[in-house]
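Chemist: Here it is: the structure, laid out below.
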Amino acid sequence: MDVSSNASPGPKMLIVTGMSGAGKSQVMAALEDNGYFCVDNLPPSLLLQFVHDMRVSQRGPKKMAVAVDIRGGETLANLTAALASLKEDGLDYRVIFMDASNSSLISRYKATRRRHPLAAEALSLMGGIMAERERLEEIHGLADIVIDTTDFSPRRLCEHIGELFADEGQIMPLISICSFGFKYGLPLESDLVFDVRFLPNPYHIAELRALSGLDGPVAEFIGRWPQTQDFLTRLKELAGFLMPQYFEEGKSGLVVSIGCTGGRHRSVMVAKALYDDLRERGQYAVLTHRDIERDPAEAAEGS
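In terms of the numbering used here, the sequence shown opens at residue 1 and continues consecutively.
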């Protein structure tokens, strides 16, 4: 589609896709609350025409979000071609892929008693989920931001969307810093993972066990060790080198996950230090502590 170079600058666009049951509806509602003009279930074949109409409209929205899911059927295959055309036209957009573990998706469908879009075709709920995951594999690989909602309540998901997009004046490279506990599994959306289980563990100090890496005594304990200071210096230098390289290659979002055993002490302290450093450099970053609220008794070494 030919979009005139004299048209008004295009709106900022988010394209939300991903697994059925992973939270696309909640995300669209949260984006609408944060000032986005939202369109649900727009067929990819109509995406270019829709964007063109919005760009030439003098009263068109400045920020838009479009949801595309498996209910688009075979037209979902046209999404990659539409995205390529949008890039050629100079539209600033991000693709958000919503995901969750298979067990979490099954639980959600059983709780709501809703039918998975591919369940009949695949003859079972699990079969439908696996078929959808395979069909969306290419789109997953193209995503700028992957949000794993396995451990998100609806409220926390809305808060997370607000943290990501509420005050965004322009679409710019985004770094998401996430602390986590290895015993609860890797964050699926991770691009880079750092293991800080080599640092001294506050869990073994009785008066620190119930605190977190956000509390002063814990941060002071972890930070007093030479290996901690050495690691933080190297991590910040590595981040300062790597981030521009990724963004130069066209990646508009990066998820950096930092893990310790339970995700409550060491990973939280290190993630916060990296986040503060990036913000001081003027980098657009958000910080999430996935496992900080878990019972510290669950986070014991070897438990």
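We treat Cβ as the ideally placed atom computed from N, Cα and C, and that holds for glycine.
Starting from Ile292, trace the alpha helix (DSSP H) in both directions and tell me its first and last residue.
Modeler: Sequence index remark: in the sequence shown, residue 292 carries index 292 (1-based). Ile292: not part of any alpha helix (DSSP H); DSSP gives it neither H nor E.
Chemist: Roughly how many angstroms separate the alpha carbons of Tyr284 and Ile175, rounded to a whole number?
Modeler: Reading the sequence shown from its first residue, position 284 is the one you call residue 284. Reading the sequence shown from its first residue, position 175 is the one you call residue 175. In this structure, the straight-line span from the alpha carbon of Tyr284 to that of Ile175 is close to 6 Å.
Chemist: Is the segment 146-153 touching the segment 10-27, taking contact as three or more C-beta pairs under 8 Å?
Modeler: yes
Chemist: Under the criterion of a Cβ to heavy atom distance below 7 Å, does Phe241 qualify as lining the ligand FAD?
Modeler: No copy of the ligand FAD occurs in the structure displayed, which carries no ligand at all.
Chemist: In three-state DSSP terms, what is Pro9?
Modeler: Taking the first residue of the sequence shown as 1, we reach residue 9 at position 9. Any reading at Pro9 needs caution, since the residue's pLDDT is 40, under 50, leaving its predicted position unreliable; the model's value is listed next. DSSP places Pro9 in the coil class of the three-state scheme, outside both helix and strand.
Chemist: Quick check: the Cα distance between Asn6 and Thr233, rounded to an integer number of angstroms?
Modeler: Taking the first residue of the sequence shown as position 1, residue 6 is located at position 6. Taking the first residue of the sequence shown as position 1, residue 233 is located at position 233. Summary for Asn6: the model assigns pLDDT 34, below 50, so the residue's position carries little reliability; its value from the coordinates is reported in the next sentence. In a straight line, the C-alpha of Asn6 is about 48 Å away from that of Thr233.
Chemist: By how many angstroms is the C-alpha of Ile15 removed from the C-alpha of Arg113?
Modeler: Position 113 of the sequence shown, counted from the start, is the residue given in the question as residue 113. Position 15 of the sequence shown, counted from the start, is the residue given in the question as residue 15. Taking the CA atoms as reference points, Arg113 sits about 27 Å from Ile15.
Chemist: Based on the DSSP secondary-structure assignment, which residues constitute the bridge partners of Tyr284?
Modeler: Position 284 of the sequence shown, counted from the first residue, corresponds to residue 284. Per DSSP, Leu174.
Chemist: In the DSSP assignment, find the beta strand (DSSP E) that holds Ile106 and state where it starts and stops.
Modeler: Your numbering for residue 106 matches position 106 in the sequence shown. Looking at the DSSP string, Ile106 is not in any beta strand (DSSP E); the run it does join, the alpha helix (DSSP H), is 102-112.
Chemist: Tell me the start and end of each unbroken alpha helix (DSSP H) in the segment 121-152 that is at least 4 residues and wholly inside, in chain order.
Modeler: 125-135, 137-142
Chemist: Please report the Cβ distance between Gly18 and Met98, rounded to the nearest whole angstrom; I am assuming they are in contact, meaning their Cβ atoms lie under 8 Å.
Modeler: Against the sequence shown, residue 18 aligns to sequence position 18. Against the sequence shown, residue 98 aligns to sequence position 98. Right, their Cβ atoms sit about 3 Å apart.
Chemist: Is it the case that the Cβ atoms of Ser85 and Leu48 are separated by a distance below 8 Å?
Modeler: Locating residue 85 in the sequence shown gives position 85, counting from the first residue. Locating residue 48 in the sequence shown gives position 48, counting from the first residue. Yes, the pair counts as a contact, with Cβ atoms nearer than the cut-off.
Chemist: Are Asp144 and Arg94 close, meaning C-beta to C-beta below 8 Å?
Modeler: Residue 144 sits at position 144 when you count from the first residue of the sequence shown. Residue 94 sits at position 94 when you count from the first residue of the sequence shown. Cβ distance < 8 Å, so Asp144 and Arg94 count as in contact.
Chemist: Are the beta-carbon atoms belonging to Ala30 and Gly162 less than 8 Å from one another?
Modeler: As a position in the sequence shown, residue 30 is number 30, starting the count at 1. As a position in the sequence shown, residue 162 is number 162, starting the count at 1. Contact flag set, yes.
Chemist: In whole angstroms, what is the alpha-carbon distance linking Asn78 and Glu138?
Modeler: Within the sequence shown, residue 78 is the residue found at index 78, counting from 1. Within the sequence shown, residue 138 is the residue found at index 138, counting from 1. Asn78 and Glu138: Cα-Cα distance of roughly 12 Å.
Chemist: Over what stretch of residues does the beta strand (DSSP E) that includes Ala65 continue unbroken?
Modeler: Here residue 65 corresponds to residue number 65 of the sequence shown, with the count starting at 1. From DSSP, the beta strand (DSSP E) with Ala65 extends over 63-67.
Chemist: Going by the CB atoms, is the gap between Gly185 and Thr261 shorter than 8 Å?
Modeler: As a working mapping, residue 261 is identified with position 261 in the sequence shown. As a working mapping, residue 185 is identified with position 185 in the sequence shown. Going by C-beta atoms, Thr261 is not nearer than 8 Å to Gly185.
Chemist: Should Gly169 be labelled buried (16 or more other beta-carbon atoms within 10 Å of its own) or exposed?
Modeler: On the sequence shown, position 169 is the one that residue 169 refers to. Residue confidence is low: Gly169 scores 48 on pLDDT, short of 50, so the model does not pin down where it sits. Its coordinate-derived value is still stated next. Under this definition Gly169 is an exposed residue.
Chemist: Out of curiosity, what's the CA-to-CA distance linking Val286 and Leu42?
Modeler: Here residue 286 corresponds to residue number 286 of the sequence shown, with the count starting at 1. Here residue 42 corresponds to residue number 42 of the sequence shown, with the count starting at 1. In a straight line, the C-alpha of Val286 is about 29 Å away from that of Leu42.
Chemist: Look at the alpha carbon of Ile171 and the alpha carbon of Met13, and state the distance between them as a whole number of angstroms.
Modeler: For the purposes of this step, residue 171 is identified with residue 171 of the sequence shown, where counting begins at 1. For the purposes of this step, residue 13 is identified with residue 13 of the sequence shown, where counting begins at 1. Confidence is the limiting factor: at Ile171 the pLDDT is only 47, short of 50, which leaves the residue's position unreliable and the question unanswerable from this model.
Chemist: Can you pull the DSSP bridge partners for Thr17?
Modeler: As a first step, residue 17 must be located in the sequence shown, where it is residue number 17. In DSSP, Thr17 forms a bridge with Phe97.
Chemist: Please return the same chain residues whose Cβ sits closer than 7 Å to the Cβ of Leu125, not counting the five positions on each side in sequence.
Modeler: The residue given as residue 125 occupies position 125 in the sequence shown. The residues are Ile106, Tyr109, His116, Ala119.
Chemist: Tell me whether Lys272 is buried or exposed, calling it buried when 16 or more other Cβ atoms sit within 10 Å of its Cβ.
Modeler: By one-based count along the sequence shown, residue 272 stands at place 272. By the Cβ neighbour-count rule, Lys272 is buried, with 16 or more other Cβ atoms within 10 Å of its own.
Chemist: Roughly how many angstroms lie between the CA atoms of Val268 and Asp230, to the nearest whole one?
Modeler: Translated into positions along the sequence shown, residue 268 becomes position 268. Translated into positions along the sequence shown, residue 230 becomes position 230. C-alpha separation (whole angstroms): 17 Å.
Chemist: When you compare only the Cα positions, how much space is there between Glu293 and Tyr275?
Modeler: As a working note, residue 293 is residue 293 in the sequence shown. As a working note, residue 275 is residue 275 in the sequence shown. Using only the alpha carbons, I get a separation of about 19 Å.
Chemist: On a CA-only basis, which of Gln227, His52, Cys38, His289 is nearest Val68? Give me that one, please.
Modeler: The residue given as residue 68 occupies position 68 in the sequence shown. The shortest C-alpha separation from Val68 is found at Cys38.
Chemist: My output table needs one value for Ser179: the three-state DSSP class, helix, strand or coil.
Modeler: Taking the first residue of the sequence shown as position 1, residue 179 is located at position 179. Note: Ser179 maps to strand in three-state DSSP.
Chemist: Is it the case that the Cβ atoms of Leu199 and Gln227 are separated by a distance below 8 Å?
Modeler: In the sequence shown, counting from the first residue as 1, residue 199 sits at position 199. In the sequence shown, counting from the first residue as 1, residue 227 sits at position 227. Contact flag set, yes.
Chemist: Locate the alpha helix (DSSP H) running through Ile258, then write down its first and last residues.
Modeler: Position 258 of the sequence shown holds residue 258. Segment 253-260 is the beta strand (DSSP E) holding Ile258; no alpha helix (DSSP H) there.
Chemist: Go ahead and pull the three-state DSSP assignment for Val39.
Modeler: Taking the sequence shown and counting its residues from 1, one reaches residue 39 at position 39. Secondary structure at Val39: strand, using DSSP grouped into helix, strand and coil.
Chemist: Provide the residue(s) that pair with Phe194 in DSSP beta bridges, ordered along the chain.
Modeler: Taking the first residue of the sequence shown as position 1, residue 194 is located at position 194. BP columns for Phe194 point to Ile258.
Chemist: Taking only beta-carbon positions, decide if Ala111 is within less than 8 Å of chain D.
Modeler: Chain labels in this structure do not include chain D; a single protein chain is all it has.
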